[in-house]
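Residue numbers (the numbering used here): 2 to 289.
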C-alpha cells in the first residue's frame with residue numbers, strides 16, 4: 002500500500018493480502034493471523050467479521066491507521082499490544098506494555114488447578130493465591146470458572162495491578178489484589194492453592210524480538226532463571242494449608258533442577274512435573 006497506490010480503492014480483502022505478504026516477507030511467525038487480527042482491530046470486529054466484510058472499501062483515514070499498525074508490527078511490537086487485547090482460557094483480557102502477554106502454555110496451570118480441586122461444588126470456599134498476577138489472567142480465569150472460590154492475587158507492579166483490576170471489573174470476577182513482592186503481601190495467611198507464573202527466563206537468553214517489548218521485570222530472573230521459582234518453593238509451605246497445592250510454571254530445561262530443589266526443602270509430600278499441550282514440561286506441582 003504505497004503512496005502510488007493510495008488513490009485506488011482498497012477493500013478489506015486487498016489490505017489483508019497486502020499485510021500478509023509484508024509480514025511473510027519479513028519472516029514473521031504468523032503473517033495471516035497477524036493481518037486478520039490487526040484488520041479486525043481497525044474495523045472493531047472479530048475475525049469472522051473480517052471474512053464477512055472482505056469487499057468493504059477502506060477510507061483514507063482507515064488506510065493511514067492500518068499503515069501505522071503495520072509499521073509497528075514490522076518493528077516487532079507484539080500484536081496483543083497493538084490491539085490491546087489477548088484471549089486466554091476463553092476470556093478476553095486487556096493487555097498493555099505494563100504486563101506480560103498471557104500465553105496458551107499458561108492455560109496448563111489453570112487446567113491443573115481445576116483438575117486438582119475437583120468439581121465446583123466439591124471445592125466451594127477454596128482460597129487461592131496467584132503470585133505475580135500481571136494482567137490477572139490466572140487469578141481471573143480461575144475466579145470466573147469457580148465463582149465460589151476466594152481469590153487473592155499479588156504483584157510488585159502498581160501499573161500491572163491497575164490492568165488486572167480493570168480486567169476483573171470488566172469480566173465481573175471477585176479478586177482481591179495486593180501490591181508487593183511475591184508472598185510478602187499475604188504474611189500470616191494460608192491458602193488451599195498457590196499458583197504462580199513468575200519470571201523464569203535466564204538473563205542471557207536469546208529471545209524473539211517481540212519479547213523484548215514486554216516488561217523485563219516479568220520475564221527475567223537470576224540463577225539461570227530459577228531465583229524467584231526457588232524463593233516461592235521455599236516460602237510457599239508456610240502459606241499452604243495442610244494438604245494444599247502449589248503450582249508454578251517454569252521454562253525450558255528447568256524441570257529437573259526445580260523438582261530437585263523442591264525435594265530438598267523436605268516440605269512437600271509429592272512433587273511432579275506436568276506437560277503442556279505440546280508435550281513439553283511446563284508446570285511443577287508440589288503437594289503439601
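All C-beta atoms, glycine included, are put in the ideal place defined by N, C-alpha and C.
{"query": "Start and end residues, beta strand (DSSP E) containing residue 156", "result": "151-156"}
{"query": "Nearest to residue 192 (by Cα), restricted to the options 37, 140, 130, 118", "result": "130"}
{"query": "Closest Cα partner of residue 216 within the set 279, 18, 96, 48", "result": "96"}
{"query": "Selected residue, minimal CA-CA separation from residue 284, among 262, 261, 252, 263", "result": "252"}
{"query": "Span of the alpha helix (DSSP H) around residue 168", "result": "159-171"}
{"query": "Reduced DSSP secondary structure (H/G/I, E/B, other) of residue 28", "result": "coil"}
{"query": "Distance, residue 27 Cα to residue 268 Cα", "result": "50 Å"}
{"query": "CA nearest to the CA of residue 236, picked from 188, 221, 13, 110", "result": "188"}
{"query": "Coil, strand or helix - residue 96 by DSSP", "result": "coil"}
{"query": "Proximity of residue 103 and residue 138 at Cβ, strictly below 8 Å", "result": "yes"}
{"query": "Own chain residues within Cβ distance below 7 Å of residue 5, not counting five before or after", "result": "Unreliable positioning characterises residue 5 in this predicted model, as indicated by a pLDDT of 47, which lies under 50. The coordinate reading is nonetheless provided below. Answer for residue 5: no residue qualifies."}
{"query": "Length of the line joining the Cα atoms of residue 1 and residue 263", "result": "No statement about residue 1 is possible, as the shown extent of the chain runs from 2 to 289 and does not include it."}
{"query": "Residue burial classification, residue 17 (beta-carbon count within 10 angstroms, cutoff 16)", "result": "buried"}
{"query": "For residue 5, the three-state DSSP class (helix, strand or coil)", "result": "Residue placement at residue 5 cannot be trusted, given a pLDDT of 47 that sits under 50; what the coordinates show is reported in the next sentence. Note: residue 5 maps to helix in three-state DSSP."}
{"query": "Identity of the residue in 206, 209, 13 nearest residue 53 by Cα", "result": "13"}
{"query": "Entirely enclosed beta strand (DSSP E) segments - the region 30-96, minimum 3 residues", "result": "86-89, 92-95"}
{"query": "DSSP state of residue 174 mapped onto helix, strand, coil", "result": "coil"}
{"query": "Cα-Cα separation between residue 126 and residue 149, rounded to whole angstroms", "result": "6 Å"}
{"query": "Given residue 226 as reference, the closest of 258, 196, 115 once Cα atoms are compared", "result": "258"}
{"query": "Cut-off 8 Å between Cβ atoms - residues of its own chain near residue 171, not counting five sequence neighbours on either side", "result": "95"}
{"query": "Top-ranked residue by Cα proximity to residue 248, from 116, 151, 22, 254", "result": "116"}
{"query": "Short Cβ contact (8 Å threshold) for residue 178 with residue 144", "result": "no"}
{"query": "Residue 278 versus residue 254: straight-line alpha-carbon distance, rounded", "result": "17 Å"}
{"query": "Limits of the unbroken beta strand (DSSP E) element including residue 287", "result": "282-288"}
{"query": "Pairwise C-alpha distance: residue 211 and residue 21", "result": "18 Å"}
{"query": "C-alpha distance - residue 40 paired with residue 245, whole-angstrom precision", "result": "46 Å"}
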